[in-house]
Every structure is written in C-alpha cells, then in structure tokens.
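Chemist: The structure follows.
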Amino acid sequence: MLATISQRIRRYRTRLLMRSALSGGPLYRLLSRNAGDRFDNRAEGWDQMVGEHEYKWFDPLDAALDHIAPSLQPELVLDVGGGTGRAAYHIARRYPGAHVAVIDLAPRMLEFGKQRGRRENLPGISFVAGDSTGLPVTSSSADLAFILNAPVNPPEMARVLKPGGLVVLAFTYGHHTPMYLDEETARQALGRSGFVSIEAGTRGEGSWVAGVLGYVDS
Ligand SMILES: C[S@@+](CC[C@H](N)C(=O)[O-])C[C@H]1O[C@@H](n2cnc3c(N)ncnc32)[C@H](O)[C@@H]1O
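Residue numbers (my numbering): 996 to 1213.
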C-alpha cells in the first residue's frame, strides 16, 4: 500500500518535471535539482537494462525517422538526455557519416557509456555534460536532435537546430514511460517554438512526436 502511494507520488512528480521542462522555469529548476545524481547512481544498471531491451528500446525513434525523414543524411546529431548513449550508438550505426553527441546531466552515465564504447569498439561519438534547458551547443548547428525518455525543452531544441532540422521526442513504453509527454502537449510545445509539419505515431509499445524547425523570414 505504502509502496503504491510512493510510486504514484514519484510518477506524478516525474510527469510534473516533464511538463515544467518545456519552459525550463522556476518549477523545473526546483524539481530537477539533483536530477543528475539520481541517474548517476544507476549508470551501470541502466545501461544493462537498456541493453537487454535494445530490440524494442529504440523502436519509436526508428519509427519516427523512417516515417518523417527516410532519406535524412545528418552531419550533426544530438541525443539529449542520452544517458549512457545506447541510442546514440544505435543512431551512429544508422548514420555512419554523422557526428553524434550525447548530452546529459549525469557525468557517470556519460562516463559509463564512453568506457563501454571503448571496450566494445563501438562507433566514435561524443559525450558532453549539459542540461537540456541550456545545451552546450552552437546555435543553428544540428540537423537532428532526439530525446528518448527524457525531459524536453523545445526553445532550446529550436536554438540548436538548423532551419529545416528535425526534432524527435520518443517514448519507449508510450504513456507507460515515466518520463513521458502526451501527444497534444508535445505538439503544442513544439509549435510554440517554431516547429512545423508536426507528426506523431507509434510502433510496438512506443510512441513518438516529431517536427521540423521552420524557416524564419529575415
Ligand atoms: C530515463 S533516462 C533516459 C536515458 C536514455 N535517453 C534512454 O532512453 O536510455 C533520463 C536521462 O535524462 C537525463 N536528464 C534528466 N534531466 C536532464 C536535463 N535537464 N538535461 C539533460 N539530461 C537530463 C538523466 O540524467 C538520464 O540520463
């Protein structure tokens, strides 16, 4: 009973965190204090868990890319809130010509992913410490930014993407994913930040919402 109540409170808090990350305001800053520490303590276990579920973990991300941009040939790809980089290594195989960077708050998640990449001779990718509400990335530089099961800040996505660049929000377990945004909320938030041609879909248990950064007349 107590476990159920505490699970519900945790779930509610995580959903509030996801919503508040959209603007990155004071509530988000309050809720996200120590967010990196929480994942740092789970780096190895998290990486192993994603590894065991790889056959479906990236399904919604692949589904979005297959649907919205089947012939995309990106130069710079950002995996925001990418943790130990499992999805980034997957995407680096999909786009061998691209430079892929994982950005995450949790240094130990990043370090674990980097070390595993070296041990297993995985494709070269970058691991960079940073917050999704203030990315350490040059403006208008990325062709694709994806966020898988992590907090999203659309204004910052719009800043770092090139005009015409693609953002993909993906959730491995659809609405059962703890760090989840419903389609309508995601569509509205992306639209407010200048994304157009917004589409959404599902594959297996996963769901996705994606948009293209519109061109601004100057
Ligand atoms: C549920 S895990 C998902 C990791 C990975 N994307 C995956 O699907 O395996 C959420 C990740 O988001 C990171 N994170 C949470 N808040 C963040 C923020 N504001 N900026 C960057 N990363 C953040 C956490 O450190 C954690 O690695």
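Yeah, the Cβ is synthetic: ideal placement off N, Cα and C, and Gly gets one too.
Would you call the region 1061-1074 in contact with the region 1125-1142, where contact means no fewer than 3 C-beta pairs closer than 8 Å?
Modeler: In the pairwise beta carbon analysis, the region 1061-1074 is classified as touching the region 1125-1142: at least three pairs are separated by under 8 Å.
Chemist: Between the alpha carbons of Val1097 and Ile1000, how many angstroms are there, rounded?
Modeler: 34 Å
Chemist: So does Pro1069 have its beta carbon nearer than 8 Å to some heavy atom of ligand 1?
Modeler: no
Chemist: Distance, Cα to Cα, Pro1146 vs Ser1127?
Modeler: 7 Å
Chemist: At a threshold of 8 Å, does Ala1184 count as lining ligand 1 (C-beta to nearest heavy atom)?
Modeler: no
Chemist: Taking the continuous alpha helix (DSSP H) assigned at Gly1031, which residues delimit it?
Modeler: Ala1030 to Asp1035
Chemist: Is the beta carbon of Ala1140 within less than 8 Å of some heavy atom of ligand 1?
Modeler: no
Chemist: From Pro1118 to Phe1034, what does the alpha carbon distance come to, in whole angstroms?
Modeler: The straight-line gap from Cα to Cα measures roughly 24 Å.
Chemist: Which residues bound the alpha helix (DSSP H) around Asp1057?
Modeler: Asp1054 to Ile1063
Chemist: By the DSSP assignment, the beta strand (DSSP E) with Glu1194 in it spans what residues?
Modeler: Phe1190 to Arg1198
Chemist: Does ligand 1 have a heavy atom nearer than 8 Å to the CB of Ser1027?
Modeler: yes
Chemist: Hey, is Trp1203 close to ligand 1, as in C-beta under 8 Å from one of its heavy atoms?
Modeler: Distance from the C-beta of Trp1203 to the nearest heavy atom of ligand 1 is not below 8 Å.
Chemist: The alpha helix (DSSP H) spanning Pro1149 covers which residue range?
Modeler: Secondary structure note for Pro1149: its alpha helix (DSSP H) is the uninterrupted segment Pro1149 to Val1155.
Chemist: Quick one: Cα of Gln1043 to Cα of Leu1208, how far?
Modeler: Going by C-alpha positions, Gln1043 is about 34 Å away from Leu1208.
Chemist: Just the C-alpha distance for Ala1101 and Leu1026, rounded to the nearest angstrom, thanks.
Modeler: 15 Å
Chemist: Does DSSP classify Val1097 as helix, strand or coil?
Modeler: strand
Chemist: Helix, strand or coil: which one does DSSP assign to Leu1025?
Modeler: helix
Chemist: What does DSSP give as the partner residues of Phe1107 in its beta bridges?
Modeler: Bridge partners of Phe1107: none, in fact.
Chemist: Would you tell me roughly how many angstroms separate the C-alpha atoms of His1171 and Gly1092, rounded to the nearest one?
Modeler: 34 Å
Chemist: For Pro1174 and Asn1144, I'd like the C-alpha separation in whole angstroms.
Modeler: A small correction: the amino acid at residue 1174 is Met; Pro does not occupy that position in the sequence shown. Rounded to the nearest angstrom, the gap between the Cα atoms of Met1174 and Asn1144 is 5 Å.
Chemist: If the criterion is Cβ atoms closer than 9 Å, does the pair Arg1081 and Trp1052 meet it?
Modeler: yes
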